[in-house]
Amino acid sequence: MIDPVLFTINLGSFQFSIYWYGVIVVISILIGQWIASIETRRRGEHPDHLWDGLVWAIPAGMIGARLWYVVNDMAGGGRTYIDEPLRILRLHEGGLHFYGAILFGALAFWLFARRRKLDMWLLMDSVGPALL
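In numbering that gives the first Met the number 0, the protein residues as written are 0 to 131.
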């Protein structure tokens with residue numbers, strides 16, 4: 000079985016591990032963003048709006064992915080996060096859910112587009128194929 004940790008950085012007594020899963024997710028986000036940028040440019044909009052929106056969508060997507068997982072676990076009868084609520088913050092133990100990431104990331108991106116007065120329909124048409 001492959002080790003889930005790609006490498007570990009030691010800074011004195013502080014240890015930080017980089018996981019394969021995280022690297023794959025980041026690469027996927029960048030490739031999806033690149034595809035969406037090409038499509039946005041093809042539709043006549045400036046692709047920098049997408050890169051700016053990513054700053055909103057990624058943190059919201061991470062929070063949504065974790066919350067969806069936690070709520071799903073509790074709905075299934077799990078007591079882990081009820082008994083120890085601080086375990087919600089332990090992302091390195093696993094537990095992210097794709098649906099929460101898409102829902103919260105899309106909501107944050109919608110708020111970003113609305114604030115910047117961008118054409119949300121054009122942006123959603125550009126981003127849709129990249130989400131695959």
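Don't be surprised by glycine CBs; every beta carbon is placed ideally from N, CA and C. Computed from a predicted model, the values in this text were never measured in an experiment.
Rounded to whole angstroms, what's the CA-CA distance from residue i to residue j? Just pull it up for me.
i      : j      : result
MET61  : ARG42  : 29 Å
SER16  : GLU44  : 39 Å
PHE111 : LEU95  : 23 Å
GLU38  : VAL126 : 8 Å
GLN32  : PHE97  : 17 Å
LEU102 : GLN14  : 32 Å
TRP67  : MET73  : 10 Å
LEU90  : ARG65  : 8 Å
GLY93  : HIS48  : 31 Å
ASN71  : ILE87  : 13 Å
Please report the Cβ distance between residue i and residue j, rounded to the nearest whole angstrom; I am assuming they are in contact, meaning their Cβ atoms lie under 8 Å.
i     : j     : result
GLY77 : GLY99 : Actually they do not touch by this definition, with Cβ atoms about 16 Å apart.
LEU5  : TRP19 : 5 Å
Can you tell me which of the three DSSP states residue i falls into?
i      : result
ILE34  : helix
HIS91  : helix
MET61  : helix
LEU131 : coil
MET73  : helix
ASP82  : helix
HIS96  : coil
GLY21  : helix
ASP47  : helix
ASP124 : helix
In the DSSP assignment, what are the bridge partners of residue i?
i    : result
THR7 : SER16
Check: Any contact of the stretch 47 to 56 with the stretch 93 to 107, i.e. 3+ C-beta pairs under 8 Å?
Finding: Short answer: they touch.
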